[in-house]
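Q: I'd like to ask some things about the structure below.
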Amino acid sequence: DTGVSQDPRHKITKRGQNVTFRCDPISEHNRLYWYRQTLGQGPEFLTYFQNEAQLEKSRLLSDRFSAERPKGSFSTLEIQRTEQGDSAMYLCASSLASIGTSSTDTQYFGPGTRLTVL
Amino acid sequence: AQSVTQLDSHVSVSEGTPVLLRCNYSSSYSPSLFWYVQHPNKGLQLLLKYTSAATLVKGINGFEAEFKKSETSFHLTKPSAHMSDAAEYFCVVSGPSSGGSYIPTFGRGTSLIVHP
């Protein structure tokens, strides 16, 4: 299976600790997205990359959050000084986009990383 | 600015009966619209998408949706529900953000319950 993978699938941490999640997109996909999903809600956009460039960040993404995609392949999402409100499912998606077609991109989602902050 | 409203948080049907999941959207531009399905412990999967071609869009597993601009709606339907259709369904609108990128906005989801 060469779909989107995320690691770890579950993470439990104590408040104040730093955590890092990894996403491996489908290999030929040039776009990579991060979302956060809380119980009873739809996914909320956090940020996305076109190759290695981070092109947009949501206002939801506080200074404690940082994402990288150093070589245009896998991506990491780090949360510093975690808070209980950070508890959520963090989803990664990838797509193959051409200029001018990004509105119709089909995004392929990974299984998510469930974060619990105690 | 864009938004999407899924009018029902839960829809309950009997197996073999029609399914209707309602979605209304708001967008300053001609949007692209999508329906995704999320089965328990599985990733989100695209059911279908509207990209300004045909207003009636057919998707996987017998689902289809009709784009109605005058009603700003994109309701999802299926003639006959199967037990395997039980899942969470998300309506998504994608339009340009202030930064110029197309950012998807998800609805809150509709939980489809299928009774034997």
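Those protein sequence lines, which keep their order, are chains A and B. Using the working numbering, count along the first sequence one by one with no gaps and you end on 122. Using the working numbering, count along the second sequence one by one with no gaps and you end on 1019. Beta carbons are placed, not taken as given, at the ideal position from N, Cα and C, and that holds for glycine.
Measure from the C-beta of Thr108/A to each C-beta in chain B and report whether the shortest distance is under 7 Å.
A: Cβ-Cβ to chain B under 7 Å: yes for Thr108/A.
Q: Note down, in chain order, all residues in the segment 998-1017 of chain B with a beta-carbon under 9 Å from any beta-carbon belonging to chain A.
A: Correct list: Gly998, Pro999, Ser1000, Gly1002, Gly1003, Ser1004, Tyr1005, Ile1006, Pro1007, Thr1008, Phe1009, Gly1010, Arg1011, Gly1012.
Q: In angstroms with no decimal places, state the Cα-to-Cα distance between His913/B and Ser1014/B.
A: Taking the straight line joining both Cα atoms gives about 5 Å.
Q: Per DSSP, Ser915/B is paired with what?
A: BP columns for Ser915/B point to Ile1016/B.
Q: If contact means a Cβ-Cβ distance below 8 Å, which residues of the segment 942-957 of chain B contact chain A?
A: Listed in sequence order: Asn944, Lys945, Gly946, Leu947, Gln948, Leu949, Lys952, Thr954.
Q: For Tyr953/B, verify whether its CB is less than 6 Å away from any heavy atom of the ligand SAM.
A: Here there are no bound small molecules, and the ligand SAM is not part of this structure.
Q: For Ser906/B versus Ser935/B, is the C-beta distance shorter than 7 Å?
A: The answer is no: Cβ separation not under 7 Å.
Q: Could you list the residues in the segment 971-996 of chain B with a C-beta less than 7 Å from some C-beta on chain A, going in chain order?
A: Within the segment 971-996 of chain B, the qualifying residues are Phe993.
Q: If you compare alpha carbons, which of Thr24/A, Ala97/A, Ser62/A is closest to Val8/A?
A: When each option's Cα is compared against that of Val8/A, the closest is Ala97/A.
Q: Quick check: the segment 981-997 of chain B against the segment 936-945 of chain B, are there 3 or more CB pairs under 8 Å?
A: Flag = yes, the segment 981-997 of chain B and the segment 936-945 of chain B touch.
Q: Taking CB distances under 7 Å as the criterion, tell me whether Leu114/A reaches chain B.
A: Note on residue identity: the sequence assigns Gly, not Leu, to residue 114/A. Cβ-Cβ to chain B under 7 Å: yes for Gly114/A.
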